[in-house]
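**Q** Input: one structure, supplied below.
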Amino acid sequence: ESVVNRIAAGEVIQRPVSAVKELVENSLDAGSTSISVVVKDGGLKLIQVSDNGHGIRSEDLPILCERHTTSKLSAYEDLQSIKSMGFRGEALASMTYVGHVTVTTITEGQMHGYRVSYRDGVMEHEPKPCAAVRGTQIMVENLFYNMIARRKTLQNANDDYTKIVDLISRFAIHNSSVSFSCRKHGVNRADVHTVTTLSKLDAIKTIYGISVARDLMEITASDDNPSQSIFEMNGFISNANYTAKKTTMILFINDRLVECTALKRAIEVVYSSTLPKASRPFIYMSIKLPSEHVDVNIHPTKREVSLLNQESLIETIQNAVESKLMNCNT
Ligand code: ADP
Ligand code: MG
């Protein structure tokens, strides 16, 4: 049974960056305005995510890391929309089957916080009272300690750290009113560092540099037919001056970081037909849709999405990109 749980957990948490993504999403869900990430040995030794969100109630701690916890917790809201985004209360549970998880948390108005460690879905001991300021800190240590083959495929700590920095950069752009930091354990200098007062464009400037931000244009689109207005898109796309060897596509649908290969390809096609000499594009897009129009369950890591009416949505976005590029070309 524990082998089955471990294998299932290894599907949800494929690499250190998958754990970081789940932890940061939880911090954002908790209403945090400050999230900091510390990583040791590419995340295999330590991943630590600290936030200033609403915290976890002490009565929820015993079941926090059981699978499908969400429906059991006292503080969940709008389970339907959470479900339809594919978030099934499995992330923290999974981490406890493939690593050692320690949670420190305090909720508003409490005199002290609690600290508790988990293994294989259960608490290792009763929650211990401890000093805490605000929010939640989750530490995942020795990730994949019990999956020797997986550890072997993750030998390059720099590679995993780069993926984590890239992930935090994307979150920081979309959530520009949240301050993010990401650094290696034992190093003072952060590799991503944003403050809450940034606009999205300023966040891009801070993270990708002034030379990228200067070549971006703001873009928006929505359904032509307002009576069926189901989607809205806004973001930034690169102009003819931007140069890069590969496409950067930062896509959020309903505030979730996702990938949509069909959309990415469709935008690349517009670039190469409208600006044949331009490089691969930089694209940041935020799309809002009714959650029942998004299907995230086609991939176990929950990143690749397919959309209802995908063709017409992609066409609308292609048209918006094309008209932006035509204007910047002249
Ligand atoms: P899900 O996010 O799908 O509910 P998770 O396993 O990721 O499942 O998290 C389980 C629950 O633990 C969340 O629903 C939330 O109630 C609580 N939780 C996890 N991390 C935090 C956090 N940083 N702050 C507040 N609550 C949290
Ligand atoms: Mg979660």
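So the sequence shown is residues 11 to 340, counted in my numbering.
By construction, the Cβ of each residue, glycine as well, lies at the ideal position given by its N, Cα and C atoms.
Computed from a predicted structure; not experimentally measured.
Ligand 1 heavy atoms versus the CB of N36: any closer than 8 Å?
**A** Correct: N36 has its Cβ closer than 8 Å to ligand 1.
**Q** Straight-line CA distance for A40 to G63?
**A** The alpha-carbon atoms of A40 and G63 are separated by roughly 5 Å.
**Q** With three or more beta-carbon pairs closer than 8 Å as the criterion, would you say the stretch 20–36 touches the stretch 51–58?
**A** The answer is yes - the stretch 51–58 touches the stretch 20–36, with three or more Cβ pairs under 8 Å.
**Q** How many angstroms separate the CA atom of K256 from the CA atom of S289?
**A** Cα to Cα, K256 sits roughly 8 Å from S289.
**Q** According to the neighbour-count rule (16 or more other Cβ atoms, all chains shown, within 10 Å of its Cβ), is N185 buried or exposed?
**A** Buried, because 16 or more other Cβ atoms sit within 10 Å of the Cβ of N185.
**Q** Does DSSP classify I220 as helix, strand or coil?
**A** In the structure shown, I220 sits in a helix (DSSP, three-state: H, G or I).
**Q** For R224, which of T230, A231, I214 has the nearest alpha-carbon?
**A** If we check each option's Cα against that of R224, I214 comes out closest.
**Q** Is I103 near ligand 1, judged by its Cβ being under 8 Å from some heavy atom?
**A** Reading off the sequence shown, one finds Ala at residue 103, where the question assumed Ile. Yes, the Cβ of A103 comes within 8 Å of a heavy atom of ligand 1.
**Q** Leaving out five residues on either side along the sequence, give the residues of the same chain with a beta carbon under 6 Å from the beta carbon of L335.
**A** Within the same chain, L335 has close Cβ partners T284, L285.
**Q** To the nearest angstrom, report how far apart G196 and K173 are at their CA atoms.
**A** About 19 Å.
**Q** Would the C-beta of A40 count as close to ligand 1, meaning under 8 Å from any of its heavy atoms?
**A** Flag set: Cβ of A40 near ligand 1.
**Q** Looking only at DSSP bridge pairs, what is R266 linked to?
**A** Per DSSP, I263.
**Q** With distances taken from CA atoms, which of S127, L267, E278 is nearest V304?
**A** Taking only the C-alpha atoms, the option nearest V304 is L267.
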